[in-house]
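What follows is a short report on a single structure.
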Amino acid sequence: MIHVLPPHIASQIAAGEVIQRPASVIKELMENAVDSGADRIDVVLADGGATLMQVTDNGSGMGPEDAPLAFERHATSKIHDVEDLQKVQTFGFRGEALASVASIAHVRLRTRRKEDEMGTEITIAGSAVTSQEEIVCPQGSDLCVRNLFFNVPARRRFLKSEAVELRHIMEEFHRVVLCHPDKTFTLTHNESTVYHLPACDTLRSRITGTLGKELNSQLLDIHVNTSLVQIRGYVSRPRDSFKKGGHRYFFVNGRYFKSPYLHKAVMNAYGKLLPQDRMPSYFIYMETDPAMIDVNIHPSKTEVKFEDENVIFQMLGAVIRETLGKFALGPSIDFELGAMQHHIPVPPSPGEHVSPPRLRYDPLFDPFREPGENRSSGIFEEQPLQTYETPVIPIRKKYLITPVASGLLIVHRQRALERVYYEELLPGLRERKPVPEKLYFPVALNLQPSQSILLKANRDRLLQMGFEADDNENITAVPPDHPIDEAAIRESVQEILSGTGEDPGTAVYGERLCALLARRRAAAGQDESGAAGKALIDRLFACKEPNSTPDGRICMTIVPMEQIDKYFT
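Mapping of the sequence shown onto this note's numbering: residues -16 to 552, in sequence order.
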């Protein structure tokens, strides 16, 4: 039998499309606060948002008639007819956010308009209004959300740890604050201030104030203005790229969006300037006619469809290439193995004698000599054939190439080392925790606020992986066999903190530590060439799983002879 769902069930289903976790609530509430015209927005959290999320603004507020309507589905002040969808410039416009939040949480709204003497307080639980009364409150809106998913226990069980949920909230917070430098934002978690971002004059100031002052020296300006779109922002230098982490943001008309297609335009612009497996940071802001884009294609409104996407792709790539070229960030000529050296010719001074170049050659070499033929005595003498080791050729200190029966074997040197080190370390660390080794000089992590919170919440995890940290966020001990240079230590800690969303068992921690140690040791390894290169290949083939690194990246490949023959047909 087909029947119509009760309103409260329909509301909870609709809420699942808009509200997936606490970060979804923060996104919607902050965007509503921006739409209200506020110049100060305060966010207060408890327990990663699971028990409390509060967003307060000094915007236009609502009157006693509008306040309850704001929680009705599809109630909006921003859309009146179909044509309005073609020129949406606000964040919220469909009237689903507050209705969705109210259906799965306990909500309290306090709000007042500038012209009203008294404000309005409304409390709602599971879409039902439980009270409405007049109160004294400041201008603006104060929306408090408690006990998210209290009436949907299955959804609440799927929430991650406090640290993970807080990390997602931080990301949504960044997406709003980075395109509104003219507004003041604060973020407090468990009564501890995480961010206090005063209003500033430039996007660069907001970026560095939010994500770290070290970015100021890493970012290059980009700017292009056409009749179709204005593109401005910043991209990082190739040397400041990241293997994991980094910051990548697209904004259009003040709205954050995701675009794998435009990300490809950025990566294509860098080309071979980036080391393998690394990505740049970028903050790209676009301004265009709202009629040229469609933001109503996804419930979370993080996907945007451009009318002339191909043109924007080309323009974005061109402006980034121009900036990289302007700052002379092209690759330098690197001739391998010292085979060629370029010098600027300088004419000799008058009377200066210049010796002719000396040719180095093997006087016994004869290209027409057959094996076993001796030319030095003028007669042919039968001699045993000399045996040679199979040559292993290093390429750019990155690959090792050697012939095999079916073609050419290409080995990724660092990944091969990573696999070898992993299998060497695994037996000793699979079942027991590492004993941290004290450092002579502690290493300061220089963490951002979001990372500081993760560090405090995951000290036990760090210790289980062999890292000790003091109260000042300095690493004082590392696991055995870990490199002790500051860069390697910081990279390892950030890698551990970035994986705090999972809760593996003790045995898996040993495997992760081995993979982490193997990565760091391989990155610090010496150049494997000649006999050492052959030894590395032999060690790789002695491994149980020589084809890939512990995290699944391939270590080697074979170019078959058939493929090589095709190049010469």
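Even glycine gets a Cβ: it sits at the ideal position worked out from N, Cα and C.
1. Under three-state DSSP, which class holds GLU79?
2. Return helix, strand or coil for ALA6, following the three-state DSSP convention.
3. Going by C-alpha to C-alpha distance, which of PRO463, CYS538, LEU438 sits closest to ARG503?
4. Comparing C-alpha positions only, which one of MET153, GLU174, GLY31 sits nearest to PRO432?
5. Can you tell me the Cα-Cα spacing of GLY42 and GLY20, whole angstroms?
6. What is the DSSP secondary structure of TYR550, counted as helix, strand or coil?
7. Starting from PRO243, trace the alpha helix (DSSP H) both ways and give me its first and last residue.
8. Are three or more beta carbon pairs between the region 41 to 56 and the region 93 to 103 nearer than 8 Å?
9. Measuring CA to CA, which of THR271, HIS246, MET275, GLU270 is closest to MET262?
10. State the DSSP-derived secondary structure class of CYS120, mapped to helix, strand or coil.
11. Less than 8 Å between the C-beta atoms of VAL249 and ILE303, yes or no?
12. According to DSSP, is THR540 helix, strand or coil?
13. Report the three-state DSSP secondary structure of ASP454 (helix, strand or coil).
14. Whole beta strand (DSSP E) runs in the region 109 to 177 with 3 or more residues, listed along the chain?
15. Considering only C-alpha positions, which residue in the set ALA16, LEU400, VAL403, ASN457 is nearest to PHE424?
16. Which of the three DSSP states, helix, strand or coil, is assigned to ALA399?
17. Looking at the structure shown, is PHE225 part of a helix, part of a strand, or coil, going by DSSP?
18. State buried or exposed for PRO417, treating a residue as buried only when at least 16 other CB atoms are found within 10 Å of its CB.
19. On a Cα-Cα basis, can you pick out the residue from VAL1, ILE276, GLY390, SER144 that is closest to ALA33?
20. With DSSP run on the structure shown, which of helix, strand or coil describes ARG261?
21. Excluding the 5 residues preceding and the 5 following GLN369 in the sequence, name in chain order all residues of the same chain whose CB lies nearer than 8 Å to its CB.
22. Apart from the five residues just before and just after HIS172, which ones in its own chain have a Cβ nearer than 7 Å to its Cβ?
23. Determine the contact status of LEU422 and ALA460, defining contact as a CB-CB distance below 8 Å.
24. Tell me the DSSP secondary structure of PRO410 in three-state form.
25. Can you name the residues that DSSP bridges to VAL387?
Let's see:
1. coil
2. helix
3. PRO463
4. Of the listed residues, the one whose Cα sits closest to PRO432 is MET153.
5. 5 Å
6. coil
7. 243 to 253
8. Verdict: yes, contact present.
9. The candidate whose alpha carbon is nearest that of MET262 is HIS246.
10. coil
11. yes
12. Of the three classes helix, strand and coil, the one that applies to THR540 here is strand, per DSSP.
13. Reduced to three states, the DSSP call for ASP454 is coil.
14. 111 to 118, 123 to 129, 167 to 172
15. ASN457
16. helix
17. In this structure, PHE225 counts as strand in the three-state DSSP scheme.
18. PRO417 should be labelled buried.
19. SER144
20. coil
21. Note on GLN369: pLDDT 35, under 50, position unreliable in the model; the coordinate value appears next. No residues qualify anywhere along the chain.
22. LEU28, LEU149, ILE436
23. Yes, the pair counts as a contact, with Cβ atoms nearer than the cut-off.
24. helix
25. GLY390
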